[in-house]
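S.K.: In the working numbering, the protein residues as written are 9 to 380. Dumping the structure here so I can ask a few things about it.
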């Protein structure tokens, strides 16, 4: 009788032993790293870790969905850029208003152009907003670093990168050559800030302008000031453009805005969102919700009429927006239906859990269970 071949079985056993030994070595190494540098210095990036990245709403549901469902990520650098009067600052102020609901926000006004009355219209509590108007780029970025290291601020907005003028340029004469000074300043700031921002879970939003490169024959001639460092270190980059005017008769009352996510490290990039920016309220929450509800088939549009089930929402878009604004319960119901269609169940569950943790509802529920 022929001898049975046991070669493959021995090879498998040897591989299993080798894998077990490697796992043991890896465990010891991870334990050593955590002892040396603290808990959380190294971890496994499983699906739960990906889903647990918290976010701050932008105030526009369509843009939140384009960013992955949770808005801009916490503990990351975000760049919002676009042409003049496109809605960059309004979007940033809308994010500030959302961050203030459960935290503290700061606004570094390097352009010295913040309008308190406009900020109040958008929904910002101006009495609680921290505002700084620095004299130079170095001073602005040092203030940002101190705020981040304090671990007491949830959101910092810097308006704008183009206004972060190096001290050497301010102290020099008109016409002095200062090639690359701002780019070097931003590069150093990004290297210093990135790690500390991630540890503190503070989100830093940089507003940036657009410039045109000279002599470009093919491709887009547009670029953003401040060098390349901000592009590389940003987890999210949002390109904001004005696409049209919203009029009531001959009077312009707002603008239609398109936001394109050109970079996203925490969700799929290259998604777009369109919403209204009204000159009396900022981003129109009801208008944005109405557009999404029509797109997903939750609200029916027949001619000029909008209807939700048996409820006639209104005749015409503006009338329907007003009706939703006057009926917040209906607005919330439509929003839930939109999220159910647009977001995976795991993301919705995780968002609900994180929202409950932020508002303290989880602790109350746990206390009630313990008392029972």
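Beta carbons: idealized from backbone N, C-alpha and C, even for Gly. Everything numeric in this text was worked out from a predicted model, so none of it was measured.
Label residue 87 either buried or exposed according to how many other C-beta atoms from any shown protein chain fall within 10 Å of its C-beta, with 16 as the threshold for buried.
M.R.: Locating residue 87 in the chain shown gives position 79, counting from the first residue. Under this definition residue 87 is a buried residue.
S.K.: If I'm right that residue 172 touches residue 193 with Cβ under 8 angstroms, what's the distance once you round it to whole angstroms?
M.R.: In the chain shown, counting from the first residue as 1, residue 172 sits at position 164. In the chain shown, counting from the first residue as 1, residue 193 sits at position 185. About 7 angstroms separates the two Cβ atoms, so the contact holds.
S.K.: For residue 148 and residue 141, I'd like the C-alpha separation in whole angstroms.
M.R.: Sequence index remark: in the chain shown, residue 148 carries index 140 (1-based). Sequence index remark: in the chain shown, residue 141 carries index 133 (1-based). If you take the alpha carbons of residue 148 and residue 141, they lie about 8 angstroms apart.
S.K.: Within its chain, find whatever has a CB closer than 8 angstroms to the CB of residue 325; leave out the 5 residues flanking it on each side and keep chain order.
M.R.: In the chain shown, counting from the first residue as 1, residue 325 sits at position 317. Contacts found: 295, 298 and 314.
S.K.: Between the Cα of residue 233 and those of 187, 61 and 133, spot the shortest distance and give me the residue it belongs to.
M.R.: Position 225 of the chain shown holds residue 233. Answer by Cα proximity: 187.
S.K.: What does a CB cutoff of less than 6 angstroms around residue 19 pick up in its chain, not counting 5 residues either side in sequence?
M.R.: Here residue 19 refers to the residue found at position 11 when the chain shown is read from its first residue. Within the same chain, residue 19 has no close Cβ partners at all.
S.K.: What residue range is occupied by the uninterrupted alpha helix (DSSP H) comprising residue 103?
M.R.: The residue you call residue 103 lines up with position 95 of the chain shown. 96-107 is the span of the alpha helix (DSSP H), which, as asked, contains residue 103.
S.K.: Hey, residue 102 and residue 291: beta-carbon distance below 9 angstroms or not?
M.R.: Numbered from its first residue, the chain shown carries residue 102 at position 94. Numbered from its first residue, the chain shown carries residue 291 at position 283. Yes.
S.K.: Could you tell me the alpha carbon to alpha carbon distance between residue 118 and residue 174, rounded to whole angstroms?
M.R.: Walking along the chain shown from the start, residue 118 turns up at place 110. Walking along the chain shown from the start, residue 174 turns up at place 166. Cα to Cα, residue 118 sits roughly 12 angstroms from residue 174.
S.K.: Roughly how many whole angstroms lie between the Cα atoms of residue 189 and residue 259?
M.R.: Within the chain shown, numbered from 1, the residue matching residue 189 stands at position 181. Within the chain shown, numbered from 1, the residue matching residue 259 stands at position 251. Distance between the alpha carbons of residue 189 and residue 259 is about 44 angstroms.
S.K.: Between 208, 73 and 63, which lies nearest to residue 344 when the distance is taken from Cα to Cα?
M.R.: One-based indexing of the chain shown puts residue 344 at position 336. Out of 208, 73 and 63, 73 has the C-alpha closest to the C-alpha of residue 344.
S.K.: Contact between the segment 24-41 and the segment 264-275 is defined here as three or more beta-carbon pairs at a separation below 8 angstroms; is this criterion met?
M.R.: The segment 24-41 vs the segment 264-275: no contact.
S.K.: Can you tell me whether residue 321 is helix, strand or coil according to DSSP?
M.R.: Numbered from its first residue, the chain shown carries residue 321 at position 313. Here residue 321 sits in strand by DSSP.
S.K.: Report the three-state DSSP secondary structure of residue 348 (helix, strand or coil).
M.R.: Numbered from its first residue, the chain shown carries residue 348 at position 340. Of the three classes helix, strand and coil, the one that applies to residue 348 here is helix, per DSSP.
S.K.: Please find out if some non-hydrogen atom of the ligand FMN comes closer than 8 angstroms to the beta-carbon of residue 322.
M.R.: In the structure on display, the ligand FMN does not appear, and there are no ligands present to speak of.
S.K.: Under 8 angstroms, with one C-beta from each stretch per pair, do the segment 225-239 and the segment 98-117 reach the 3-pair mark?
M.R.: With a cut-off of 8 angstroms, the segment 98-117 and the segment 225-239 do not count as touching, because too few Cβ pairs lie within range.
S.K.: Using only the alpha-carbon positions, how far apart do residue 169 and residue 339 sit?
M.R.: What you label residue 169 is simply residue 161 of the chain shown in a count that begins at 1. What you label residue 339 is simply residue 331 of the chain shown in a count that begins at 1. About 37 angstroms.
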